[in-house]
Amino acid sequence: MTNIIETKDLCKAYGSHTAVDHLDLLVPEGSVYGFIGPNGAGKSTTMKMLLGLIHPTGGTVRLLGQRMDARNRLDILRRTGSLIESPAGYAHLTAQENLQIVADLKQVPRKDIDRVLEIVHLKEYRRRKVGQYSLGMRQRLGIAQALLGSPKLLVLDEPTNGLDPAGIQEMRSLIAEMPRTCGATVLISSHLLSELEMIVDHVGIINNGQLLFQGPLDKLRRHSRGNILLEVLNPGPARRVLGAARISACDGGDPHCLQLPALPETSVAELVRQLADQGAGVVGVTRRTRTLEEIFLSLTESRKEVV
Amino acid sequence: MLIRCILAENRKLHGAVIWLVFLVVPMISALYGTFNFLQNLGLLTFDWYNLWTQHTLFYTLFFFAPMVGVYAAYLWRLEHLGHNWNLIMTVPVRRSYIFLAKFLVVAKMTLLTQGWVFLLYLLAGKFWAGLPGWPPVMIVIWLLRGVLGSLGVIAFELLLAMAIRSFAVPVLVGLAGGVSGMLAASRGLSLFWPFALMQAGMNSNRKDDMLSGQFFPFLLACLVWAGIFAGLAILLLRARDVRAE
Chain A
5 MTNIIETKDL CKAYGSHTAV DHLDLLVPEG SVYGFIGPNG AGKSTTMKML
55 LGLIHPTGGT VRLLGQRMDA RNRLDILRRT GSLIESPAGY AHLTAQENLQ
105 IVADLKQVPR KDIDRVLEIV HLKEYRRRKV GQYSLGMRQR LGIAQALLGS
155 PKLLVLDEPT NGLDPAGIQE MRSLIAEMPR TCGATVLISS HLLSELEMIV
205 DHVGIINNGQ LLFQGPLDKL RRHSRGNILL EVLNPGPARR VLGAARISAC
255 DGGDPHCLQL PALPETSVAE LVRQLADQGA GVVGVTRRTR TLEEIFLSLT
305 ESRKEVV
Chain B
1350 MLIRCILAEN RKLHGAVIWL VFLVVPMISA LYGTFNFLQN LGLLTFDWYN
1400 LWTQHTLFYT LFFFAPMVGV YAAYLWRLEH LGHNWNLIMT VPVRRSYIFL
1450 AKFLVVAKMT LLTQGWVFLL YLLAGKFWAG LPGWPPVMIV IWLLRGVLGS
1500 LGVIAFELLL AMAIRSFAVP VLVGLAGGVS GMLAASRGLS LFWPFALMQA
1550 GMNSNRKDDM LSGQFFPFLL ACLVWAGIFA GLAILLLRAR DVRAE
């Protein structure tokens, strides 16, 4: 699978502060890539560097097979749609007029305006001034602006920010359908993994400007195997077995409950056999599965590179 | 592509409050100038040239450059507000065209303003002052020369309004520029100060032509000043990181 976005050692420093630190981002073509990190992690800075809005202090950016530089900038932007930070628009103009401005600048036929208004469900509000739009409608207008000209790549920076739950749901379905309806690869950022896990197939987790994880969402899910809670009738023999197997056990809040670290299935089966042999009286073995949000939090808090 | 950028800039002016400034400000200077003309008929000759001196005395000193400042500040304010910088800098358009389109649109608005100033001058002279005959053709030429004289100021004000996220600064600089331009023009330094070029082009507060035989040096100075400021602005657009708010 070819990558539609490739960065190599991408850096951005503001004086002594490094906002983006040697980032190697790989976004496969046709994917919906969730770019996730806490506020201030470097997501917007990275996205702005991808689009040439800010100049990197190091590294390279390749988009749609071309290096992002002065020579290729216009060609890349012609095939890219974006919504950065929050929706843009001229408040004293109608949605139709706003889209006409963007259509003119993108050299897109005016009839494309109808198509994008249809996609974002704003057709009946096209003659209303954008200043009278709700935030959700403005976000949708921002998406419509990005969709003009049927771009091959969509870069969306926190498009669900400030939306109510219904608006978030609507935006999610809109974005999830884009590879199918528009044939576009989508790079979408958020500070909440839970918000994106239903629509993305690839994930990049960033914190303090560094990429902590990158890969398919399934790969991240494999990290969700969590601690094991062991419930026994006789804690003494159980502790001896665990000690012999060099498995550290913490108090599970009850003398008969022991909390064990994440173990492979085969190790768990062998352990249960030994515990039974030694008369520990196994009552229960429960694997505690971590949510993706917990993995995200543990990654961003520990700042460890897992992949 | 530049044409498309100009069309986009023109569209941004639909229903914009800037047209109120366009209509009202020249009316103030026309009212004040005509009133002053009629009050000083003991000192002034009752003719179109003398009415012109009074109209331009106020217009070029206090209104012309600040109006250019308002136009420039407004066009950039539209981008400063609501993350529109991100929008205009991610469309497939040369950065130089973004600036040049704004430059040409402000120049167009300045030309329209001069037309409105002439119409007000004509109406005030004919129906309020009751001057005989019609204004001399030179008045029209001076108004058009005023547009040429304003090119350097337009580029400068656009540069300022782009770099500084303030509406007031370009307007105040325009006001100070109008006064400084009059001082420079009165000392024969018109070609060396862009704000003085506006005064010289308009033949402000004069009956005899300030630029007699000096049109080409004047034109060259207008283009050079406009080129310097436009060049600086385009360089800044290319080199600076976009910071939308």
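Chains as they are written, first to last, in this note's numbering: chain A, 5 to 311; chain B, 1350 to 1594.
The beta-carbon is built from N, C-alpha and C at its ideal position, and this holds for glycine as well.
Can you tell me where the beta strand (DSSP E) with residue i in it begins and where it stops?
i         : result
A:Leu30   : 30 to 32
A:Val236  : 232 to 236
A:His26   : 21 to 27
A:Arg291  : 286 to 291
A:His59   : First-last for A:His59: undefined, no H or E at that position.
A:Phe217  : 214 to 220
B:Thr1409 : Where B:Thr1409 is concerned, there is no enclosing beta strand (DSSP E), given that its DSSP letter is neither H nor E.
A:Thr50   : First-last for A:Thr50: 47 to 54, but that is the alpha helix (DSSP H), not the beta strand (DSSP E).
A:Gln136  : That residue, A:Gln136, is in no beta strand (DSSP E); it is neither H nor E in DSSP.
A:Gln263  : 261 to 264
Determine whether the beta carbon atoms of residue i and residue j lie at a separation below 9 Å.
i         : j         : result
B:Pro1441 : A:Asp108  : no
B:Leu1424 : B:Ala1510 : yes
A:Met72   : A:Asp161  : no
A:Val207  : A:Leu200  : yes
B:Gly1550 : B:Gly1495 : yes
B:His1432 : A:Ser90   : yes
A:Val31   : A:Pro60   : no
B:Ala1579 : B:Leu1508 : yes
A:Val287  : A:Leu237  : yes
B:Leu1586 : B:Arg1353 : no
A:Arg142  : A:Gly85   : no
A:Val36   : A:Asp205  : yes
B:Gly1530 : B:Pro1543 : yes
B:Leu1596 : B:Gln1403 : Only positions 1350 to 1594 of chain B appear in the structure, and residue 1596 of chain B is not among them; the question remains open.
A:Leu158  : A:Thr185  : no
A:Ile88   : B:Thr1439 : yes
B:Gly1364 : A:His96   : yes
B:Tyr1398 : B:Pro1485 : yes
Please list, in chain order, all residues of the same chain as residue i whose beta carbon is under 8 Å from its beta carbon, the five residues on each side excluded.
i         : result
B:Leu1406 : Gly1382, Asn1385, Ser1553, Asn1554
A:His26   : Asp13, Leu14, Cys15, Gly62, Gly63, Gln214
A:Pro265  : Asn231, Ile232, Ile251, Ser252
Just mark residue i as buried or exposed, buried being the case when its beta carbon has 16 or more other beta carbons within 10 Å.
i         : result
A:Met202  : exposed
A:Ala148  : buried
A:Gly213  : buried
A:Asn102  : buried
A:Gln111  : exposed
A:Met175  : buried
A:Asn43   : exposed
B:Phe1476 : exposed
A:Ala284  : buried
B:Trp1483 : exposed
First and last residue of the alpha helix (DSSP H) that includes residue i?
i         : result
A:Thr189  : First-last for A:Thr189: 189 to 194, but that is the beta strand (DSSP E), not the alpha helix (DSSP H).
A:Asn7    : Element bounds for A:Asn7: not the alpha helix (DSSP H) but the beta strand (DSSP E), 7 to 18.
B:Val1502 : 1486 to 1512
B:Cys1571 : 1564 to 1588
A:Ile172  : 169 to 180
Measure the beta-carbon distance from residue i to residue j and round it to whole angstroms, keeping in mind my assumption that it falls under 8 Å.
i         : j         : result
B:Leu1500 : B:Val1466 : Rounded, the Cβ-Cβ distance is 17 Å, inconsistent with contact.
A:Phe39   : A:Leu191  : 6 Å
A:Leu145  : A:Gly166  : Going by Cβ atoms, the distance from A:Leu145 to A:Gly166 rounds to 14 Å, so no, they are not a contact pair.
A:Leu234  : A:Ala242  : 7 Å
A:Ile123  : A:Leu151  : 6 Å
Which same chain residues, not among the five before or five after residue i, have their C-beta less than 6 Å away from its C-beta?
i         : result
B:Leu1427 : Lys1361
B:Ala1575 : Leu1500, Gly1501, Ala1504
B:Asp1557 : none
For residue i, which residues of its own chain have a beta-carbon under 7 Å away from its beta-carbon, when the five flanking residues on both sides are left out?
i         : result
A:Val310  : Low confidence applies to A:Val310: its pLDDT is 42, below 50, so where it sits in the model is not reliable, and the reading given next is rough at best. Here the set comprises Leu216, Phe217, His227, Leu303.
B:Phe1452 : Ile1503, Ala1504, Leu1507, Ala1579
B:Leu1387 : Ala1478
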